[in-house]
Amino acid sequence: MKRVGLTILLFCAYFGASAQRLPVAWEELTSGDFAKAVSESGGVCIIPMGVMEKHGQHLPLGTDLYTARDISLKAAQKEYAIVFPAYFAGQIFEAKQQPGTVAYSADLIYKLLDETCREISRNGIKKIILMNSHGGNNNFLLYFCQPQLESARDYAVYLYRPEVDPQIQKSIAALRKSTTGGHADEVESSIMMYIRPDLVKIERAGDESGADLDRLKLTNAYASIWWYGKYPNHYAGDARGANPMLGEIAQTQKIEQLVEVIKQVKADKSAIELQNRFFKEALSPVK
Ligand SMILES: [Zn+2]
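Per our numbering, the very first residue in the sequence shown carries number -4; after that it's consecutive.
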């Protein structure tokens, strides 16, 4: 009897607590709960960003979407924020020659992200964190942030840019078997083995080469074909030694870094205040 009583108590405590807790995923909230979530999040929303692109022969096309979403959801559960649905309209022209890539035009990806931010703001969220897992988005997102000063707006966009922690890097290096990497490599494959092992076909990791072919000989200069010049298979590194322990270390670090970013963004009062002052001054600089 005692045991039954305890079970009922635990059951009530669990469901009581989970009933009070708001989901972090935007699409899981009811319309009524959305307003509560906006207030509880301090008006902070994370857009988890990736693309649909080949990841060697062994990882799914949506790898970056899974990793970005995992980091965002877990961080938001620790420090409450609303997480936008997995966002796949990113920059990925460099993999257009590979099956399964979805590469929208340059002006559309800019406009879609801009309108997404405006829609998030219209729903009462004034602080937007871009959380990106796709290397091909790095330059695009830095550029996207610059025209945020083009015209007045009532929200601020923050880009999550995690720094390398030398201690964590040491632990990762100690577990790694390969020395090269960059895409669908040992670390990225390890992360997928940790978060979605059911989607990893590691026995196929050696089916094609992820070696750097270095076919474009340029120094002190950049050309858009550089990646294809190096990695025509859209695979950089050697994932055969991937293991979930390595993935857990790498992923946990990113989650903790994002938790800190959410806290900072929640506390930040300067960005929007400075933006407002800037837009006012920019209306008539001569005054
Ligand atoms: Zn990736």
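In this text, a Cβ means the ideal position worked out from N, Cα and C, and glycines have one as well.
Quick check: is any heavy atom of ligand 1 less than 7 Å from the C-beta of residue i?
i     : result
His53 : no
Which residues does DSSP pair with residue i in a beta bridge?
i      : result
Ala32  : DSSP output for Ala32 lists no bridge partner at all.
Tyr153 : Ile124
Met44  : Tyr82 and Asn127
Ile77  : Cys40
His178 : Ala231
Leu54  : His50
Ala20  : Val78
From the options, pick the residue whose C-alpha is nearest to that of residue i; which is it?
i      : options                          : result
Tyr226 : Ala206, Ile257 and Leu213        : Ala206
His50  : Met44, Lys261 and Asp59          : Asp59
Cys40  : Pro18, Gln92, Leu56 and Gly27    : Pro18
Gly232 : Lys196, Arg171 and Thr247        : Arg171
Arg199 : Ile167, Asp180, Leu68 and Trp21  : Asp180
Glu110 : Ser204, Gly95 and Tyr150         : Tyr150
Ala32  : Arg64, Leu56 and Val78           : Val78
Gly27  : Pro43, Glu48, Asn118 and Glu114  : Asn118
Phe83  : Thr62, Ala71 and Ala76           : Thr62
Ala71  : Gly85, Pro80 and Ser36           : Ser36
Val46  : Asp65, Tyr189 and Gly85          : Gly85
Ile190 : Thr175, Ile250 and Leu137        : Ile250
Ser34  : Leu68, Ala90, Ile120 and Ala20   : Ile120
Ala81  : Asp263, Glu22 and Gln92          : Glu22
Ala245 : Ala168, His229, Ser116 and Leu24 : Ala168
Please list, in chain order, all residues with a C-beta atom less than 5 Å from at least one heavy atom of ligand 1.
Result: Thr58 and Asp59.
Would the region 130 to 138 and the region 158 to 165 be scored as touching if the rule is three or more Cβ pairs under 8 Å?
Proximity of the region 130 to 138 to the region 158 to 165 falls short of the contact definition, fewer than three beta-carbon pairs being nearer than 8 Å.
Pair every Cβ in the region 262 to 269 with every Cβ in the region 206 to 219, then say whether three or more of these pairs are closer than 8 Å.
Taking 8 Å as the limit for Cβ pairs, the verdict is that the region 206 to 219 does not touch the region 262 to 269.
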